[in-house]
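Peer 1:
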Amino acid sequence: MGVALARVAQWTAAGSGTGTLEITPLNKALLNQIIQFLEDFSTKHPQEAAFVFREPLEWKTQLDSSVFGEGYEINEAAVQSQAKGKDGQPLLILSASTLRVRSFDQLSHLLRIAMEKKLKEAQACLEANRDPVVKILGPEYETVEGEDMSILQLFDKVKKECDLETELKIKIIFLLHQLDLQLLNSSLKQISQDVRLNPAAVNNEVNFLKNFSGQGEDTVLESLDYTSDYMFSNGCRAPPWRQVRGEICYLVVKPHDTDPLCITCSTAGVFLNGGRLRGGDIDYERKSDLYKDIVTFLRERSPRFVENIAKQEYSFFKEPAHEKNYQHMEGAENSGQSQSLYGLTGKTEYEKGTSSSAGPSGQRLKPYMKLKSSGLSASQRYKSRGGKAPKKDSEERKSSTVPLTTKKKASGKSKTVRIQETSKCKASSSPEDVGESSSETDEDEQPVRRLEGNTDLSPEYWGIQKLAKYVKGGDPTATVIALCSMRDFNLSEETCQLAIKDTGCLEVLINLLDTEEIKCQTGSLKILKEISQNVLIRHAIADFGGLEIMVKILDSPDTNLKCLAAETIANVARFKRARKTVRQHGGIKRLVELLESISVGSSYQAKDSETARCAALALWSCSKSTKNKKAIRKAGGIPLLARWLKCSHTNILIPIVGTLQECASEPSYRLAIRTEGMIENLVKNLSSEHEELQMLCASAIFKCAEDEEIRDLVRKHEGLQPLSVLLDNSENKQLLAAVTGAIWKCAISRENVLKFQEYKTVETLVTLLTNQPEEVLINVIGALGECCQEEESRGTIRRCGGIAPIVELLTATNQALLVNVNKAVGGCAMDPENMLIIDSLDGVRLLWSLLKNPNPDVQASAAWALCPCVENAKNSGEMVRSLVGGLELIVNLLKSKDKEVLTSVCAAIANIAKDQENLAVMTDHGVVPLLSKLTNTNNNKLRRHLAEAIAHCCMWGNNRVAFGETKGVAPLARYLKSKDPLVHRATALALYQLSEDPNNCVIMHENGVVKLLLAMVGSTDDTLQEAAAGCISNIRRLALATEKAKYG
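In this text, residue positions in the sequence shown follow the working numbering: the first is 65, and each later residue adds one.
1. For the alpha helix (DSSP H) containing Thr645, name the first residue and the last one.
2. Tell me the DSSP bridge mates of Thr328?
3. What would DSSP say about Asp347, mapped onto helix, strand or coil?
4. What's the call for Asp622, buried or exposed, on a 16-neighbour Cβ count within 10 Å?
5. Can you grab the Cα-Cα spacing for the pair Glu1113 / Ile954, in whole Å?
6. With a threshold of 16 other CB atoms inside 10 Å of the CB of Pro896, please say whether the residue is buried or exposed.
7. Can you grab the Cα-Cα spacing for the pair Lys997 / Phe369, in whole Å?
8. Considering only residues of the same chain and omitting the five flanking positions on each side of Val817, which have a CB-CB separation below 8 Å?
9. Using a 10 Å radius around the Cβ and a threshold of 16 neighbouring Cβ atoms, would you call Lys819 buried or exposed?
10. So is Leu832 buried or exposed if we call it buried at 16+ other beta carbons inside 10 Å?
11. Would you list the one or two residues that DSSP bridges to Asn1063?
12. What are the partner residues of Ser277, as DSSP defines its beta bridges?
13. Is Glu571 helix, strand or coil by DSSP?
14. Please state if the CB of Val1081 and the CB of Ile1099 are separated by a distance shorter than 8 Å.
15. Helix, strand or coil for Gln144, going by three-state DSSP, please let me know.
16. Go through its chain and collect everything with a Cβ distance to Asn843's Cβ below 7 Å, but skip five positions before and after it.
17. Where Lys593 and Leu618 are concerned, what is the direct C-alpha to C-alpha distance, given to the nearest angstrom?
18. For Tyr290, which option in Thr84, Trp684, Val317, Asn575 has the closest C-alpha, if you only look at C-alpha atoms?
19. From the DSSP output, read off the bridge partner residues of Pro154.
20. Would you check if the distance between the CB atom of Leu1088 and the CB atom of Ala1052 is smaller than 8 Å?
21. Taking Leu874 as the reference, give the member of Met894, Gly859, Asn917, Val840 with the closest Cα.
22. Please list the segments of the alpha helix (DSSP H) lying wholly inside the stretch 730 to 767, counting only runs of 4 or more residues, in order along the chain.
23. Which same chain residues, not among the five before or five after Arg863, have their C-beta less than 8 Å away from its C-beta?
24. Assign Asn398 to one of three DSSP states: helix, strand, or coil.
25. Please confirm if Gly537 has its CB atom under 8 Å from at least one CB of chain D.
26. Expressed to the nearest angstrom, what Euclidean distance is found between the alpha-carbon atoms of Asp321 and Ser366?
27. What residue does the alpha helix (DSSP H) around Leu555 start on, and which one ends it?
28. Residues in the same chain with beta-carbon distance under 8 Å from Leu155, minus the five sequence neighbours each way, listed in chain order, please.
29. Buried or exposed: where does Lys382 fall if 16 or more other Cβ atoms within 10 Å of its Cβ makes it buried?
30. Using the beta-carbon count (16 or more within 10 Å), is Arg814 buried or exposed?
31. Distance, Cα to Cα, His781 vs Val544?
32. Candidates Leu228, Val198, Gln100: which alpha carbon is nearest His173's?
33. Tell me whether the beta-carbon of Glu1105 lies closer than 8 Å to the beta-carbon of Ala1054.
34. Alpha carbon to alpha carbon, what distance is there between Glu660 and Ala736?
35. Go ahead and label Asp282 buried or exposed: buried means 16 or more other beta carbons lie within 10 angstroms of its beta carbon, across all protein chains shown.
36. Less than 8 Å separating the beta-carbons of Gly700 and Leu683?
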């Protein structure tokens, strides 16, 4: 640790006394690694953690006595640890903001309780103890330059006297040495990745900005000047003793809207320095963060600069010119004089590819075009490689093909290959490509595999090339024979697939589909069906207009041809543009008609079921598009899918159920699935022997069970038990994800939870909390979160040891998982015994920390979970106060724009405010005006919890008066007109508490509260009845007192 701090850490230059650690990314990374090391030290090395330091580590702390809890003796502002060394002295002492620590164990615990202040504490400790190893082990282990003999001396000591303390020392020094190596390695990696400015780049940027500076309204700056006119031979203007620190020059910048700024340009970046001193010198110490260039620095400092820079004709590019090495500044200066704007903007995409080829004169090569690799024809690819493009004949043949001749190099010899190019080839420039999903975009960007030399070409490649000329130039009989011979190759291999594409056969195969020769069409489709498994082939088929022809073939009277066309469409329509093409050319309607060709109930032949299977496969691929789902419904596909769902053939059921589960995300399909009676068949197929069919059925139920009626139907048709049984198949993760998802959604209904308890489903779900992928964990936790709303399930989770793994998942990063974990923890916390375990596992602190999460769903679910935690904790008031900054955080969440966050936070505040001390702290943080600001809402759920929070917050000091002054009373009158009885009860309680203040009574009376409350006095809800009566009583007493004072 000492070596890393001495050699790598970035310290400020101290004029006198000790320097401090600069706030840089490198230093933050070092501190975080040291903190991680120390936090884990007590658990990983308990024996070494108990070792007592030679001298205490001492520093000024920002922590106060309130953060220390069990294990410490607190006397006002002073704190001592109960743990003591052999000399009887405490291992941790806090006195007058000075902290002294004498063991790793205490350091580890201190960092854990410091929470968000741990970085500041670690920084203060290391600044005060520049070589902490000396304090820990003694002065003989001081970090020295050159060869370090301390470890050898320790080995000699071990040989002479082998006692426990010496053994511990040698273990500790090895652990610290290991940390040193880790810090040095990570620092080296980070430093090597840093790009560095050079004098030429800075000079170009300054000159460029000067062109747009001056006194005019539209100028970006008033002025920009160097502090020194003298320039050294290497291009720097900083004095030599500052150049060794990487500093290039100093600038005085005068923006239009701020005071003049004195900035330093260094190889590491641009930053604000201390400005000019009285003697004319510069305070070189850094006063801001590092920025990559001057423009980026000024964007952060001057809004006027940002506004005016947008008006300029020239562009200010994002990336400045950088150099990896700072050694050749002199050369950079010379070349920089003749540089154009590129010197400022850095290398463009094409420059990166050509800069290495620049000639000795420094001139750059002309840019080359970067061609899209997907879907290029043979001739286009030859152009992109710099070869001669094939020449077209002037006349077109009747077969709508153009003969092309190209010379292809192979083994150094020129060989003429005759190819045909379809006239239907279309450029893949559809706007829809831009909107494709990430997975589809990744497919597009896969590079074309080039087969350049004879050594890379397999015999299959040459075999297909020989057959290609017969496919292209032969009569129908020869073409059919060639196609049959081509099918003898293993077309699932990439070599064969690319051979067909590279030889120009793909275009010919698509052309053959547009002929009237059934055998040629059949042979072509059989090959296209096989090779369309390849991503590039799929895109090329779409580019060459193959989908449009296949859609037409769906009208063919030949059943076999229709099946092949549908199956090929199923392969090709795996990306967005292809699915759109199928829909736009009437493919959806034709595919649905293929399902209608026969009736499932009647006797049918094998070829009929094959037609339905192929049509369903194509619909399955197409149904990934929302517009295609609507098109299937409009074409009458839902009743046909329902009829085919009743058949017993697995090969048909898989694509049918696959289509249904894709479409089940649409509410209209869920309604149809329920009314057409499909749930019964989906449940039935859960017991199939085919795992893929089981997975698809479970996935369909997962999506459909959003609706309560479908959840009831799944229970009615006894689908809950097979779902529970399928949990035992934990090897198939896709099946497990679908099944756990179905269980989660079904468990939303309480009746289903009772059934799951009967089938021991909760016990099985608990076993799936570890060693599972995230998609499974999200569903498992979601299911447990729903199940633990029932008391019996909460006990089951505890008895099965499920509380600990659930709490552990609060440290996850997946947002959807966190939402479900929060709900599960909140559900478990309804049981006091569970709450004890959650508290002991630090679950409340973890929940509270999730209130800082930027995702509103996570914030809301965490706040809801805190409600039962606060309600059922033994000493909830003390528990909440122990969380440093926790009350301020939850009060500040009342400024959120999200309704669910506001509702959940109000509910949490209502529970927290039951403790008087916590209510006092929240009052100091401004909870009253924030609650008053929310009262003008029409959301009944928010109204209810807001009114409860106001009712409980009235119990402290002058809060009742404050609510009236902040206009929080009058809007509550409207709440009584709501149709929700829970809102009535909460509002009556709030009004009752507020009516203790006379001014509030006047406001209530003016807003017609009395008439509304009179109707509620007769309510069957005792709480509402008493609150309404109490409020009317307070208002009436005030009226009587006023009359008495007025009339005597």
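Backbone N, C-alpha and C define an ideal beta-carbon position, used for all residues, glycine too.
Peer 2: Let me spell this out:
1. 640 to 648
2. Tyr314, Phe335
3. strand
4. exposed
5. The shown model of the chain, from 65 to 1112, leaves out residue 1113, and the question about it has no answer.
6. exposed
7. 37 Å
8. Ala811, Glu850, Cys851, Gln853, Glu854, Ser857
9. buried
10. buried
11. Per DSSP, none; premise fails for Asn1063.
12. Leu285
13. Glu571: helix per DSSP, three-state reduction.
14. no
15. Assigned with DSSP and collapsed to three states, Gln144 falls in strand.
16. Ala801, Thr804, Gly805, Trp808
17. 15 Å
18. Nearest neighbour of Tyr290 by Cα position, chosen from Thr84, Trp684, Val317, Asn575, turns out to be Val317.
19. Lys148
20. Yes.
21. Asn917
22. 731 to 739, 742 to 749
23. none
24. With a pLDDT of 36 at Asn398, under the threshold of 50, the modelled position of that residue is not reliable, and the figure given next carries that caveat. Three-state result, Asn398: helix.
25. This model lacks chain D altogether; it includes just one protein chain.
26. Taking the straight line from one Cα to the other gives about 7 Å.
27. Counting along the chain, Leu555 falls outside any alpha helix (DSSP H), and DSSP gives it neither H nor E.
28. Val116, Ser145, Ala147, Lys148, Gly149, Val165, Arg166, Ser167, Asp169, Gln170
29. In this prediction, Lys382 has a pLDDT of 40, which is less than 50 and means its spatial position is unreliable; nothing more can be read from the coordinates.
30. exposed
31. 53 Å
32. Gln100
33. Note that residue 1105 is Ala in the sequence shown here, rather than Glu. For Ala1105 and Ala1054, no; Cβs fall outside 8 Å.
34. 18 Å
35. exposed
36. The Cβ-Cβ distance between Gly700 and Leu683 does not fall below 8 Å.
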